[in-house]
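First to last, the protein sequences are chains A and B. FYI, the working numbering numbers position 39 of the first sequence as 321, with every residue one higher than the one before it. FYI, the working numbering numbers position 44 of the second sequence as 41, with every residue one higher than the one before it. Note that the Cβ used here is the ideal one computed from N, Cα and C, for glycine as well.
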Amino acid sequence: EAQVTQNPRYLITVTGKKLTVTCSQNMNHEYMSWYRQDPGLGLRQIYYSMNVEVTDKGDVPEGYKVSRKEKRNFPLILESPSPNQTSLYFCASSGTGSSYNSPLHFGNGTRLTVT
Amino acid sequence: GQNIDQPTEMTATEGAIVQINCTYQTSGFNGLFWYQQHAGEAPTFLSYNVLDGLEEKGRFSSFLSRSKGYSYLLLKELQMKDSASYLCAVRDLSSGTYKYIFGTGTRLKVLA
């Protein structure tokens, strides 16, 4: 089944404790992206990647890191989480180029709470 | 700049038709997408428009006018399960890479 898998679904942590949220897709998509969703603010892009070893900042990259060492994986790293990073996070992927009408496919989300 | 506007909330009755509007401003338009999102769940893809006109998919239709920067999502024969948020998203290529810009979503309540 074609899907984007992110883990964990729920995470409660404390300020300053490094964490990684994993994201993997099995559709051979070039494009992958991370979003956070907060009430009243909609989906805001954190980082995105057009292909392996190519990553770029989105609209709200502060406090986050990503890497794209393999096409299928795009982990999100919070080196020193703070309470303002409490949010619902989504990973998404899509095709590019000849797959111009390929929509974004979303993972099931990770609800992160930082205390 | 880049901006997407859609109404915050709408209410409709089961069996009725509802139209959710979306206006956008972007310099590198490369397609418009509609997603459905139930509370706490992932957005799921509904429709895609890149050329002007109407795209129909069962009970859902989406319209695009690029010259007006305007789209709408039409939901027919509303069902209770259609109660959800509907997100309008534009794909922009002005930076040379894909950028998806999302509206804040329209929360639709379907009443019995």
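Worksheet entry | Own chain, CB closer than 6 Å to A/T403, minus 5 neighbours either side, in chain order | The structure shown does not extend to residue 403 of chain A, since chain A is modelled only from 283 to 397, so the question has no answer here.
Discussion item. Taking only three categories from DSSP, how would you classify A/M314?
Written reply: Position 32 of the first sequence, counted from the start, is the residue given in the question as residue 314 of chain A. A/M314 falls in the strand class under three-state DSSP.
Worksheet item: What residues of chain B sit near A/Y371, judged by a beta carbon separation below 9 Å?
Response: If you number the first sequence from 1, residue 371 of chain A lands on position 89. Per Cβ cutoff of 9 Å: no residues; A/Y371 is ~11 Å from chain B at best.
Worksheet item: Along chain B, which residues have their Cβ under 8 Å away from the Cβ of A/G389?
Response: As a position in the first sequence, residue 389 of chain A is number 107, starting the count at 1. Here the neighbours are A39.
Item to complete: Report yes if the CB atom of B/S59 is closer than 7 Å to the CB atom of B/N46, and no otherwise.
Response: Reading the second sequence from its first residue, position 62 is the one you call residue 59 of chain B. Reading the second sequence from its first residue, position 49 is the one you call residue 46 of chain B. Contact: yes.
Practice prompt. Out of A/Q307, A/I294, A/V342, A/N333, point me to the one whose CA is closest to B/I98's CA.
Written response: Walking along the second sequence from the start, residue 98 of chain B turns up at place 101. Minimum Cα distance to B/I98 is reached at A/V342.
Discussion item. Cutting at 6 Å between CB atoms, please list the residues of its own chain near B/T20, excluding the five before and the five after it.
Written reply: Here residue 20 of chain B refers to the residue found at position 23 when the second sequence is read from its first residue. Within the same chain, B/T20 has close Cβ partners D2, G66, Y67.
Worksheet item: Between which two residues does the beta strand (DSSP E) harbouring A/N333 extend?
Response: Residue mapping note: residue 333 of chain A aligns to position 51 of the first sequence, counting from 1. Here the beta strand (DSSP E) through A/N333 covers 324 to 333.
Item to complete: Would you kindly work out how many angstroms separate the C-alpha atoms of A/N383 and B/V107, rounded to a whole number?
Response: Against the first sequence, residue 383 of chain A aligns to sequence position 101. Against the second sequence, residue 107 of chain B aligns to sequence position 110. So the alpha carbons of these two residues sit roughly 30 Å apart.
Fill in: Coarse secondary structure for B/D89, derived from DSSP in three states
Along the second sequence, read from residue 1 onward, the residue named residue 89 of chain B stands at position 92. It is a strand residue.
Worksheet item: Looking at the structure shown, is A/N383 part of a helix, part of a strand, or coil, going by DSSP?
Response: Numbered from 1 along the first sequence, position 101 holds the residue referred to as residue 383 of chain A. Here A/N383 sits in coil by DSSP.
Fill in: Candidates A/T287, A/S306, A/Q285, A/T295, of which the one nearest A/E352 by Cα
What you label residue 352 of chain A is simply residue 70 of the first sequence in a count that begins at 1. The shortest C-alpha separation from A/E352 is found at A/S306.
Worksheet entry | Beta carbon proximity, B/F30 to chain A, threshold 7 Å | Locating residue 30 of chain B in the second sequence gives position 33, counting from the first residue. Yes, contact with chain A.
Practice prompt. Identify every run of the beta strand (DSSP E) within the stretch 13 to 78 of chain B, keeping only runs that are complete inside it and at least 3 residues long; order them along the chain.
Written response: 15 to 22, 26 to 34, 41 to 46, 50 to 54, 57 to 62, 67 to 72
Discussion item. Three or more C-beta pairs under 8 Å: does that hold for the stretch 11 to 20 of chain B against the stretch 356 to 369 of chain A?
Written reply: no
Worksheet item: Hey, does A/Y329 have any beta-carbon neighbour from chain B nearer than 7 Å?
Response: Locating residue 329 of chain A in the first sequence gives position 47, counting from the first residue. Cβ-Cβ to chain B under 7 Å: no for A/Y329.
Fill in: Run of the beta strand (DSSP E) containing A/R393, from where it starts to where it stops
Numbered from 1 along the first sequence, position 111 holds the residue referred to as residue 393 of chain A. A/R393 -> beta strand (DSSP E) spans 392 to 396.
Discussion item. Let me make sure I understand the geometry here. Which of B/M77, B/S92, B/R104 has the alpha-carbon closest to that of B/G12?
Written reply: Looking up residue 12 of chain B in the second sequence gives position 15. The shortest Cα separation from B/G12 among B/M77, B/S92, B/R104 belongs to B/M77.
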